Amino acid sequence: MIVTTSKYGDRWDLLAYDLLGDAALAPELMAVNPELVTLYQNHIPEGVEIVIPEIVAPAERITQIKAPWKKD
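Each residue of the sequence shown is one higher than the last, beginning at 0 in numbering that gives the first Met the number 0.
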């Protein structure tokens, strides 16, 4: 089991993108941390331990579109 500690301003979608490579995987991240979802909704306070699921995401599920500020 992999665990990380939240930083100021973390949200489920940001954590999913940073830790799993795709913001669309936020529901999977939330599913393994149900007690945090009910307590904190979308924003997670600093210093909370978050379990990271060991997911092998299907290639078609990972978005290939880059944000405008990340384009080459």
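Ideal placement from N, C-alpha and C gives every residue a C-beta, glycine not left out. Computed from a prediction, not measured in an experiment: that's the story for all the values here.
Reduced DSSP category for residue i - H, G, I as helix; E, B as strand; rest coil
| i | result |
| --- | --- |
| residue 47 | coil |
| residue 54 | coil |
Where the beta strand (DSSP E) through residue i begins and ends
| i | result |
| --- | --- |
| residue 2 | 1-4 |
Run of the alpha helix (DSSP H) containing residue i, from where it starts to where it stops
| i | result |
| --- | --- |
| residue 15 | 11-19 |
| residue 36 | 33-39 |
| residue 28 | 25-30 |
Taking 8 Å as the threshold, find out whether the region 15-24 comes into contact with the region 35-43 through three or more Cβ pairs.
Because the criterion of three Cβ pairs below 8 Å is not met, the region 15-24 and the region 35-43 do not touch.
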